[in-house]
Amino acid sequence: MAVFSWRRRTTRHFGEQWVPFAELRLESAEGRWRAFSVQVDTGAVISLLARSAADLLGVQLQSGEPIELAGVGGASRRYFVHQLSARVGDVPAFPLRIAFAEREEVPNLLGRLDVLDRFQLDFDASLEETRLTGPWLDANERKIWRHLLEVENTVLEKWKKQPLGGRVDEAAKRFLNRADSLVAAAAGLWKLHRRSELPLIIRALFELSVQFEYMMKDPEPRAALYLDFAHITNYRLARAWTQSPGTIGKRLRDSPRRPNGERRYRVEYERVRRHYEAKKGSGNVRGHWYPGNLRQLAKEVDRVAEYETIYATYCAWAHGDPWARDLPSEPRDARRSGIEGGLWHPIAYWARLLKSIADAKKIVLSADAYKTLEVAAKGMVQD
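Heads up, the sequence shown is in the numbering used here, so the first residue is 45 and it goes up one at a time.
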C-alpha cells in the first residue's frame, strides 16, 4: 500500500483547496530511478509531464507517438507518448504510458491509463490522503463475486412468493442480513489490505452458518427460540450498560426514560425466560438461544471437523494470544487477490445460508447459479 498526503493549493476562484498528490518514480534511459511529484487526476486519460522531465529521464521527446490534448475549454497542445517503467510506493515496477509536453507550462498529472486497471485509489477526506493499493479481485474473481450477488438477488426476489412456515422467514432474513454484513466487512478489510483480521469474521460467519443449519433441522420451533432470545439479550444489555462506570452508563442511569425502558425489558424477559433454562428447573438462563454449546451444534449438523479447525486456529487470534501478534498484516504474496487469497472462506459460510434458504423455499435457480452456490458453500475443510 502506498499512502500520500494531500497538499494545499491556491485556486483562481475558490481560494486554497486540498489537492491529492502522489510520488511517482520513473526509470531513466540510464537505468536510474527519478522521483516526480504528480497530482492525482482521474479526469485525465493519460499521465502528463513537462518537457524538463523528458530531459531529466533521457527521453528523446519527438521519438514518441505525437498526440493532441486539451483541457476543459483550453487550447489543444501537442504531446509525445512514451512508455516507461514506473513505481508508486512499494508497488513493483509497472509499465506506464506518459504524455510529455513540448512546453513547461503544464501540470504533472497521474491519469487513468495504466493506473486504474492496476490500482485501487482511495481518496480519504478524513485523513487528507490518497491510498493506492492493488486490486482486491482479479477479472475472474470479479465475475464470481458479481454472479454470487446476482444469485442472492434472485433468491430475495422470490422470497415472498415461497414463504416458510411460522416465523422461519423472519429468522432466515435476520441470519442472511447478518451474513451480508459480515461478508461486506470481510471485503472491506480485504480492500484495505488488512487481510490478517479476517479470522474474526470467518469465525463469526462459521458460527452463524452452524446455528442456521441447526435451526433449519427443526425450523418452526427453533426459529421462535432464535427470535425470542433477543428479549434475553436486550434485558442483559440494559443491565450491563446502566451498571457501566463510564459516561454512557451515567447518562442511562440518569435518563427519565429509564424506568419505563427497564420495565418493558423485564416484562419481555420474564415472558420468554422459561424457554432458555440452562438446566430444567434451575431457573438459570443460558447464554445463547440454543441448548448445549456450539460444538454440539456443529456435531448435529456434521461440521465438527470445521469446528475443530476454525477454533484451533482462530480462538488464539480472537483472545489476544501472543501467537497472533507474530502474523504479518500482509500475506507473503501480497499480489494474490481476494477469492484466491482467502476471501473465499467467509464467502463459503454466506453461501451456505443462501443455499439452505433456496433449498427450503424450493426456489428454482439456473443450473449455473445453483452450481456456483454448491461450489462456494464447500468451505475451508470440505473436499
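Idealized CB from N, CA, C, for every residue including glycine.
Discussion item. Give me, in chain order, the residues of the same chain whose beta-carbon lies closer than 7 Å to that of Gln255; leave out the 5 immediate sequence neighbours on both sides.
Written reply: Numbered from 1 along the sequence shown, position 211 holds the residue referred to as residue 255. Result list for Gln255: Tyr334 and Leu341, in chain order.
Worksheet item: Under a Cβ-count criterion, where at least 16 other Cβ atoms within 10 Å of its own Cβ denotes burial, should Glu196 be classed as buried or exposed?
Response: Walking along the sequence shown from the start, residue 196 turns up at place 152. When all chains shown are included, Glu196 counts as buried.
Discussion item. Pop quiz: Tyr358 and Ile246 are said to be a contact at Cβ under 8 Å. What is the actual Cβ separation, rounded to whole angstroms?
Written reply: Residue mapping note: residue 358 aligns to position 314 of the sequence shown, counting from 1. Residue mapping note: residue 246 aligns to position 202 of the sequence shown, counting from 1. Yes, they are in contact, since the Cβ atoms of Tyr358 and Ile246 sit about 7 Å apart, within 8 Å.
Worksheet item: Which whole-angstrom value is the C-beta distance of Val227 and Asp272, which I expect to be below 8 Å?
Response: As a working mapping, residue 227 is identified with position 183 in the sequence shown. As a working mapping, residue 272 is identified with position 228 in the sequence shown. Val227 to Asp272, Cβ: 27 Å. No contact.
Worksheet item: Exposed or buried, which one is Ala143 when buried takes at least 16 other CB atoms within 10 Å?
Response: Translated into the one-based positions of the sequence shown, residue 143 becomes position 99. It is buried - the Cβ of Ala143 has at least 16 other Cβ atoms within 10 Å.
Discussion item. Quick check on the burial criterion: 16 or more other C-beta atoms within 10 angstroms. Buried or exposed for Phe219?
Written reply: Working through the sequence shown from its first residue, we reach residue 219 at position 175. Phe219 comes out buried.
Worksheet item: Does DSSP put Ser410 in a helix, a strand or coil?
Response: As a position in the sequence shown, residue 410 is number 366, starting the count at 1. Secondary structure at Ser410: coil, using DSSP grouped into helix, strand and coil.
Worksheet item: Of the choices Pro136, Ser91, Gly102 and Ser129, whose alpha-carbon is the least far from that of Ala46?
Response: Position 2 of the sequence shown, counted from the first residue, corresponds to residue 46. It is Pro136 whose Cα lies nearest to the Cα of Ala46.
Practice prompt. Report the option in Ala169, Thr86 and Val82 whose CA atom is closest to the CA atom of Leu153.
Written response: Along the sequence shown, read from residue 1 onward, the residue named residue 153 stands at position 109. For the residues Ala169, Thr86 and Val82, the minimum Cα distance to Leu153 belongs to Val82.
Discussion item. Here's the rule: buried if 16 or more other CB atoms are within 10 angstroms of the residue's CB, otherwise exposed. What is Leu92?
Written reply: As a working note, residue 92 is residue 48 in the sequence shown. Residue environment: Leu92 is assigned as buried (16 or more neighbouring CB atoms within 10 Å of its CB, all protein chains considered).
Discussion item. Would Ala130 and Leu70 be called neighbours here (beta carbons separated by less than 7 Å)?
Written reply: As a position in the sequence shown, residue 130 is number 86, starting the count at 1. As a position in the sequence shown, residue 70 is number 26, starting the count at 1. Yes, these two residues count as a Cβ contact at 7 Å.
Fill in: Which of helix, strand or coil DSSP assigns to Val311
On the sequence shown, residue 311 is found 267 positions in, with the first residue counted as 1. Helix at Val311.
Discussion item. Am I right that Arg156 and Val89 are in contact with their C-beta atoms under 8 Å? What's the rounded C-beta distance?
Written reply: Stepping through the sequence shown from its first residue, residue 156 is reached at position 112. Stepping through the sequence shown from its first residue, residue 89 is reached at position 45. Their Cβ separation, rounded to whole angstroms, is 6 Å, which keeps Arg156 and Val89 in contact under 8 Å.
Discussion item. Here's a check: name, in chain order, each residue in its chain whose Cβ is nearer than 6 Å to the Cβ of Arg238, leaving out the five neighbours to either side.
Written reply: By one-based count along the sequence shown, residue 238 stands at place 194. Take Arg238, set aside five residues on each side of it, and no residue of its chain has a beta-carbon closer than 6 Å to its own.
Fill in: Extent of the continuous alpha helix (DSSP H) to which Gly293 belongs
If you number the sequence shown from 1, residue 293 lands on position 249. Where Gly293 is concerned, the enclosing alpha helix (DSSP H) starts and stops at Thr291 to Asp298.
Worksheet item: If you drop the 5 nearest sequence neighbours on each side, which residues of the same chain put their C-beta closer than 7 Å to that of Ser253?
Response: Translated into the one-based positions of the sequence shown, residue 253 becomes position 209. So the list reads Tyr393, Arg396 and Leu397, once near-sequence residues are dropped.
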